[in-house]
Structure formats: C-alpha cells, structure tokens
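Below: one structure, written as structure tokens.
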Amino acid sequence: MVFPFNSVQDFQIKIDEDVEIFRRAVREVIENKVLPRWQEIEKNNEIPKEIFEEFAQQGFFGVGIPEEYDGQGGGQLLQAVLTEEVARAVPSLAVAIGVNHLFGIPILKFGTEEQKKKYIPPIARGEAFGAHANTEPGAGSDVAGISTKAKKVNDHYVITGRKIFISGAEKADYFIVSARTVPIEQAIKEKGKRWWGISVFVVERDTPGLKIGQRFNVIGMRGEQPYEVILDEVKVPAENLVGPENEGFKVIVTTYDYTRIGIAAQAVGIAQATFEAAVNYALQREAFGKRLIEFEMIIDKLANMYMKLEAARLLTYWAATLADAGRREFIIASSLAKAFATEAAEWIARQAIQVHGGIGVDEETGVARYLRDAIITTIYEGTNEIQRLTIVRQLVRQVFGMKI
Ligand SMILES: Cc1cc2nc3c(=O)[nH]c(=O)nc-3n(C[C@H](O)[C@H](O)[C@H](O)COP(=O)(O)OP(=O)(O)OC[C@H]3O[C@@H](n4cnc5c(N)ncnc54)[C@H](O)[C@@H]3O)c2cc1C
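Residue numbers (the numbering used here): 124 to 527.
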C-alpha cells in the first residue's frame, strides 16, 4: 500500500493527444482575443461581451458537459486544461466559466432528467449563465450554518434569506440556492446532525422576490466581482428541488469536490503566467553588467518557482484524472491540488514581482494583478484551512474507516 492509496498505479495521469490539440486551439484564441484586452478588463472591471460570444462560438462553455445536453463532452481534465489556459491570460474569465459549473454540477450529479434538459443545454451553448448562491453573512466555510429558509407550501417552496459573495450573479439567468427546510436546532434534536435539513433549489432570475444587491469590491479577479443576492419570499415550484429534500448539504459539498479542481487549474494558469514573465524578464534585464538570470539568487528563485509550478500542475492533472476515472479518492486529491496550487500561485506571483524590481509593482506591467487574483483562489470554494481538514478527514476515513 502506498499510504493512503492502494497502488503506485493510482498515481497515473492519463492525457490523450486530443487534449493537447485542444489546449493549443484554446491558447490561440486566448492569445488573439483575450490577452490583448487584459488592461481594459482590469480598468473597467468588466469582461467585454464579445469575449463571451467568442467563447460560446468556440464551444468553451460546453467543455465538461455531456454531448446529450449540448455540451462538448470531456471531463475534469479537459476543463482543467481550458481553465489553466484562460487563467494564464485573465483569471477572472476562468471564474466566469467556473461559476457555470458551480451551477451545472449539482444538477448533472443530483438533478432530475427534466432539470438537466431544461437548464444545462443553454449553459453549454453559452446562451445562458448560472450562479451558485450558498455563502451568507453568517456562514461561509460552515455550510451547515446557513440560515436562509425554504418553506414548503403545497406544490412550491417559499425561500427567504440573504446570500453574499456570489460570483456571476449580475449576469446569471439561473441560480443554485441552498436553504434550510428544517431549522438547525430541530435537525440536531431529531437526527443528531447539524448538516441535515438543508435543501438545494434552482431559482430563475426573473422570479419575483429575487434581487441582486450590492457588488463587492474585492482585491482581484477584476471583471468578475461577486454580488449580494437577496431572496424575499421567492416562490419556486417543487420540481426545482435538486436532489432529495433535507439532503442538500451533500449536494453542495460534492459540487465543491469537483469544482475545486478548477480552482487548482486557475492557480496553475496564474503560476504559469507569472513564472514565464519572470524568466523572460530575467533574460533581458541587465544589472551590474550581467543579465539577471546569471545571478545566483535569481536562479534560486526561478528554480523554486518552477518546482512549485510543475508540482501544482501534476497534482491538478492527477486529481482530474482520478475524478474522471470515478475514483472516490479524487476528493483527497482535489483538496491537495487546490491548497497546494493556490498557495504555489500566490508565492510564485510574489516572486515574479520581486524579479521585476520596481516595474513589478507597476500595474502597467501586468504581473501584480496575478498576485491579487492568486490570494482569492486560496479563499473561495473552501478556504485552504478547510481543504486541510478535508485531506486529513478523508484520509482517516479511507484508511481506518474512522470519522473525525
Ligand atoms: C471573490 C469571491 C468569490 C466568491 N464566490 C462565491 C460564489 O459564487 N458562491 C458562494 O456561495 N460563495 C462564494 N464566495 C464565498 C467563499 O466561498 C467564502 O468566502 C469562503 O468559503 C469562506 O467563507 P467565509 O468568508 O464566511 O469565511 P469564514 O468561514 O468565516 O472563515 C474565516 C477564517 O476562518 C477559517 N476557518 C473557518 N472554519 C474553520 C475551521 N473549521 N477550521 C480552521 N479554520 C477555519 C477560514 O479558513 C478563514 O481563514 C466567494 C468569495 C470570494 C472572496
């Protein structure tokens, strides 16, 4: 046993030639249509609609979505490669793609056939956008601590509550919303489980009572800022319940098991971009009559940056491979990849600034923006502290069959 895995074969990463062909095609689109516009996106804090139209035309929104729902097929690995290439240029654009999966995965994994047929194809074609509203003022990491309520009245539910930090909310056509169908005190009393009694719903944008509130002004990911979503007696049909009633906690945390591979891929894209920038600069900048790349301290930095970058990439592809193979152990791997890759990206981006000296902290250079974006990746879709909890809890459960 290769503790906690069973065999060295569990560490295989399988990538077909098609994936590399796809990656090159994505790179070309990104270099021609996205990268030249990064300054405009930073300045306006908005992604131009032509970029979304181009992505829809290229079928990028359908990557990882089954063909029967108008997607392009492929799994976590293909999605990770797309995300990495997009984040290498404009990380917030990768978030815009990621939120569609935060909406789609709960439906694809737990939804009814009717829900899949109704909500997934427009998302896959890039004609509609989804968002995922779970976080609240009183509960982020503690998913079971949410207080938004959903009351069943005949053939519908009435949802009231407030969600914050919801990415993509402003342009979303559909929302995944978590709410308590049983108060937490009652869940503890009746089932002895805090997490029980949560349910998940699809709420359509134009449903009366749903309002988009304030926009948060976060330090990075300019172009994709999160919003407050207010639900005031929002009436949704009972058929919009996703997964079993009161079991919605599993729907939410299972979704993050998958989507955090995408966050790791965002981080790999950020790390790749900043590492490349540092190497290019160190090759051309001269100081004390030598190129920077000839100084031992710069060589040490570049070597360490590169070690972390490739380790992050391998963990991310490995987690995606395990997820695509349907292996339960992908949960540990995706947490390892998310925590490691996001911390690596933050560190690599910081070193890249240092290698650039003064112009590294000048916004026009375009390196500093990646550091702000990298910090955000350490927080959403489960903070890195929560990833560490998941890693050890899963490991103990997997190997010793114990719950901690
Ligand atoms: C830019 C951005 C976009 C976002 N987009 C979305 C979105 O689309 N949808 C959505 O629902 N949410 C979204 N979020 C919310 C995000 O998922 C939460 O911010 C995150 O899960 C942390 O929750 P919190 O902010 O409430 O922090 P808290 O849970 O209050 O945590 C505060 C600190 O305590 C630590 N902590 C908490 N519990 C533990 C514990 N048990 N052990 C050790 N440490 C712990 C945390 O790691 C953190 O360091 C977004 C956030 C940001 C910043």
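Every residue gets a Cβ at the ideal spot worked out from N, C-alpha and C, and that includes glycine. Predicted model only: the values in this text are computed from it and were never measured.
task: Return yes when the C-beta of Glu-504 is under 7 Å from any heavy atom of ligand 1, and no when it is not.
output: On the sequence shown, residue 504 is found 381 positions in, with the first residue counted as 1. Using a cutoff of 7 Å, the CB of Glu-504 counts as near ligand 1, since one of the ligand's heavy atoms is closer than that.
task: Compute every distance between the C-beta of Pro-245 and the non-hydrogen atoms of ligand 1, then say whether any falls below 7 Å.
output: As a working note, residue 245 is residue 122 in the sequence shown. Not so, every heavy atom of ligand 1 lies at least 7 Å from the Cβ.
Start-to-end residues for the beta strand (DSSP E) that takes in Lys-272: For the purposes of this step, residue 272 is identified with residue 149 of the sequence shown, where counting begins at 1. Per DSSP, Lys-272 belongs to the beta strand (DSSP E) from 272 to 276.
task: Could you tell me the distance, in whole angstroms, from the CA atom of Ala-267 to the CA atom of Arg-338?
output: Start at 1 with the first residue of the sequence shown, and residue 267 comes out as number 144. Start at 1 with the first residue of the sequence shown, and residue 338 comes out as number 215. Distance from the CA of Ala-267 to the CA of Arg-338, rounded to the nearest whole angstrom, comes to 25 Å.
message: Just to confirm before moving on: does the CB-CB distance between Ile-289 and Pro-349 stay below 8 Å?
response: The residue you call residue 289 lines up with position 166 of the sequence shown. The residue you call residue 349 lines up with position 226 of the sequence shown. Less than 8 Å separates the beta-carbon of Ile-289 from that of Pro-349.
- request: Apply the 10 Å Cβ neighbour rule to Ala-387 and answer buried if 16 or more other Cβ atoms are within range, or exposed otherwise.
  value: Here residue 387 refers to the residue found at position 264 when the sequence shown is read from its first residue. Looking at its Cβ environment, which holds 16 or more other Cβ atoms inside 10 Å, Ala-387 is buried.
message: For Gly-291, report the span of its alpha helix (DSSP H) as first-last.
response: Translated into positions along the sequence shown, residue 291 becomes position 168. Going by DSSP, Gly-291 is part of no alpha helix (DSSP H) at all; its letter is neither H nor E.
query: In chain order, which continuous runs of the beta strand (DSSP E) of length 3 or greater are located wholly inside the segment 230 to 276?
result: Correct list: 253 to 256, 272 to 276.
message: Less than 6 Å between C-beta atoms, sequence neighbours within five positions excluded: which residues of the same chain meet that for Ser-458?
response: If you number the sequence shown from 1, residue 458 lands on position 335. Excluding sequence neighbours, Ser-458 sits near Gln-510, Thr-513, Ile-514.
- prompt: Out of Asp-423, Thr-506, Ala-302, which has the shortest C-alpha to C-alpha gap to Ile-282?
  reply: Walking along the sequence shown from the start, residue 282 turns up at place 159. Among Asp-423, Thr-506, Ala-302, the Cα nearest to that of Ile-282 is on Ala-302.
- request: Determine the direct distance from the alpha carbon of Lys-286 to that of Thr-506, and round the result to whole angstroms.
  value: Sequence index remark: in the sequence shown, residue 506 carries index 383 (1-based). Sequence index remark: in the sequence shown, residue 286 carries index 163 (1-based). Cα to Cα, the separation comes out at about 18 Å.
message: Quick check: is any heavy atom of ligand 1 less than 7 Å from the C-beta of Thr-258?
response: For the purposes of this step, residue 258 is taken as the residue at position 135 of the sequence shown. Yes, the Cβ of Thr-258 comes within 7 Å of a heavy atom of ligand 1.
Identified DSSP bridge partners for Tyr-350: Here residue 350 is taken as the residue at index 227 of the sequence shown, counted from 1. Answer is Ile-289, Arg-338.
task: Report the option in Lys-316, Val-484, Glu-151 whose CA atom is closest to the CA atom of Gly-371.
output: Position 248 of the sequence shown, counted from the first residue, corresponds to residue 371. Ranking Lys-316, Val-484, Glu-151 by Cα distance to Gly-371 puts Lys-316 first.
field: Gly-358 classed as buried or exposed, judged by whether at least 16 other C-beta atoms fall within 10 angstroms
entry: Position 235 of the sequence shown, counted from the start, is the residue given in the question as residue 358. Position check: residue 358 holds Lys in this sequence, whereas Gly was assumed. With fewer than 16 Cβ atoms within 10 Å of its Cβ, Lys-358 is classed as exposed.
message: What residue range does the beta strand (DSSP E) around Glu-327 cover?
response: Taking the sequence shown and counting its residues from 1, the one referred to as residue 327 is at position 204. Boundaries of the beta strand (DSSP E) around Glu-327: 321 to 327.
query: Can you tell me the Cα-Cα spacing of Gly-253 and Gly-182, whole angstroms?
result: The sequence position of residue 253 within the sequence shown is 130, counting from 1. The sequence position of residue 182 within the sequence shown is 59, counting from 1. Computed Cα separation, rounded: 16 Å.
message: Can you check which of these residues, Gly-346, Ile-188, Leu-201, Gln-474, is closest to Leu-216 by C-alpha distance?
response: Within the sequence shown, numbered from 1, the residue matching residue 216 stands at position 93. Closest option to Leu-216, Cα to Cα, is Gly-346.
field: Among Leu-231, Ala-448, Asn-403, Gly-234, the one whose alpha carbon lies nearest that of Ile-421
entry: For the purposes of this step, residue 421 is taken as the residue at position 298 of the sequence shown. Taking Ile-421 as reference, the option from Leu-231, Ala-448, Asn-403, Gly-234 with the minimal CA-CA separation is Asn-403.
- prompt: Rounded to a whole number of angstroms, what is the C-alpha to C-alpha distance between Gly-392 and Asp-278?
  reply: Within the sequence shown, the letter at position 269 stands for residue 392. Within the sequence shown, the letter at position 155 stands for residue 278. Using only the alpha carbons, I get a separation of about 46 Å.
query: According to DSSP, which residues form a beta bridge with Arg-414?
result: Sequence index remark: in the sequence shown, residue 414 carries index 291 (1-based). Residue pairing for Arg-414: DSSP places it in a beta bridge opposite Glu-409.
task: Could you name the residues of the same chain whose beta carbon sits closer than 7 Å to that of Ala-247, not counting the 5 residues immediately before and after it, in chain order?
output: In the sequence shown, residue 247 corresponds to position 124, counting from 1. Here the set comprises Phe-184, Gly-185, Ile-188, Tyr-192, Asp-193, Gly-194.
message: In this structure, how does DSSP classify Gly-194 when only helix, strand and coil are distinguished?
response: Within the sequence shown, residue 194 is the residue found at index 71, counting from 1. Gly-194 falls in the coil class under three-state DSSP.
task: My understanding is that Leu-231 touches Val-300, with C-beta atoms under 8 Å, so please give their C-beta distance in whole angstroms.
output: One-based indexing of the sequence shown puts residue 231 at position 108. One-based indexing of the sequence shown puts residue 300 at position 177. Leu-231 to Val-300, Cβ: 17 Å. No contact.
message: Looking at the secondary structure, which residues open and close the alpha helix (DSSP H) in which Tyr-429 lies?
response: For the purposes of this step, residue 429 is taken as the residue at position 306 of the sequence shown. First-last of the alpha helix (DSSP H) with Tyr-429: 419 to 447.
message: Quick check: is any heavy atom of ligand 1 less than 7 Å from the C-beta of Pro-349?
response: Position 226 of the sequence shown holds residue 349. Pro-349: yes, Cβ under 7 Å from ligand 1.
field: Thr-444 vs Glu-368 beta-carbon contact at 8 Å
entry: Looking up residue 444 in the sequence shown gives position 321. Looking up residue 368 in the sequence shown gives position 245. Annotated as distal: Thr-444 and Glu-368, with beta-carbon spacing of 8 Å or more.
message: What would DSSP say about Arg-473, mapped onto helix, strand or coil?
response: Within the sequence shown, the letter at position 350 stands for residue 473. Helix.
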